Each structure stands twice: as C-alpha cells, then as structure tokens.
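Below: the structure, in structure tokens.
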Amino acid sequence: MVKPSFAVCAAALFCSAAFAQSQKVEIVTHLNGLDLVVEPMGVPLQTQNGPELVGVRAVKVMNQSAQMASCEFHMAPEDRTTAATTPTFTVDPNSQVIERVPGEYSPDRPYAEITCKPADASPSADSMD
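Residue numbers for the sequence shown, in mature numbering (1 follows the signal peptide of the UniProt record, and there is no 0): -20 to -1, 1 to 109.
Below you can see the structure in the form of structure tokens.
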C-alpha cells in the first residue's frame, strides 16, 4: 500500500514542478477581425542548460466563426533559406487544425507569428487556374 501512495505523490510533485518551470510563450497573431484562438502545442521548459522545447513546436488554431480562414506563418530570414515556400493553411468554419511551426525554436524570438484573413480575401484563392 505504501508504493501506490508514493507513486501518486511523486507524480504530483513532478507535474507541479514541470508546470512551475514552463515558460509562457509569445505567439504574435494578426487575425484581421476573425474569431480565432491560437494556442501553443510544444512547451518550452526552463532547464539547467537553458530553455528547452518539450514536444513538437506546433500551434492549434481554432476557428470560432462561420467564415473560412486562410493563415500564413511568418518565418525568420535564416529559416527562409531552407524552406521551399512559406507555410500556409486554411481553417474551416467552426473547426480546428494543428500545424507545425516552421523553423527552429529560439527562446529570444516569438514562439510563432501567424497572419490570418478571410479565405475569400486570400490572393492564392484568386490565382487558381
């Protein structure tokens, strides 16, 4: 009976320590009046060796409107040289998507920067052949 209690206490201490060390991440959003919620998925933790990312660097974008949204990540210049195109995606009305943030995580830059606009205002939608 002692072992299960010890395991529960140890798990509770570990979880509270992990949450206490997690940093609030900065996500820069340009939502252009859309009712969207953007949340981080991977979480940077403060470790002995400095900030470290736990999990995949991604964002969850929840579209709480009746309008489709077209979103695009902003990329640092050093990340643009390795990427073929700027990552864009759409979010259907009243739905959510999880998208990986391009580039490498750096504690001195925002976790992500994203611009979203109504999908019908997207120039890529007009250029379809």
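Beta carbons: idealized from backbone N, C-alpha and C, even for Gly. Everything numeric in this text was worked out from a predicted model, so none of it was measured.
Look at the alpha carbon of V41 and the alpha carbon of E19, and state the distance between them as a whole number of angstroms.
For this step, residue 41 is matched to residue 61 along the sequence shown. For this step, residue 19 is matched to residue 39 along the sequence shown. Between V41 and E19, the C-alpha separation is close to 7 Å.
Within its chain, find whatever has a CB closer than 6 Å to the CB of H54; leave out the 5 residues flanking it on each side and keep chain order.
In the sequence shown, residue 54 corresponds to position 74, counting from 1. Closer than 6 Å at the Cβ level, and outside the excluded window around H54, lie E93.
Using only CA atoms, which one of Q44, L16, E6 lies nearest to R37?
Indexing the sequence shown from 1 puts residue 37 at position 57. Closest by alpha carbon: E6.
Of all the alpha helix (DSSP H) runs that stay within the bounds of the region 2 to 76, which reach a length of 4 or more residues?
Within the region 2 to 76, the complete alpha helix (DSSP H) runs of at least 4 residues are 57 to 60.
Let's see if you can read the secondary structure: which residues bound the beta strand (DSSP E) around E93?
Along the sequence shown, read from residue 1 onward, the residue named residue 93 stands at position 113. Unbroken beta strand (DSSP E) run through E93: 92 to 98.
Can you list, in chain order, the residues of its chain whose CB lies under 7 Å from that of G83, leaving out five sequence neighbours each side?
Start at 1 with the first residue of the sequence shown, and residue 83 comes out as number 103. The answer, listed in chain order, is M55, A56, D59.
Is the Cβ of V18 closer than 8 Å to any Cβ of chain C?
Of the chains in the structure shown, none is chain C; there is only one protein chain.
Nearest to N43 by alpha carbon, out of L14, D100, H10?
Position 63 of the sequence shown, counted from the start, is the residue given in the question as residue 43. Answer by Cα proximity: L14.
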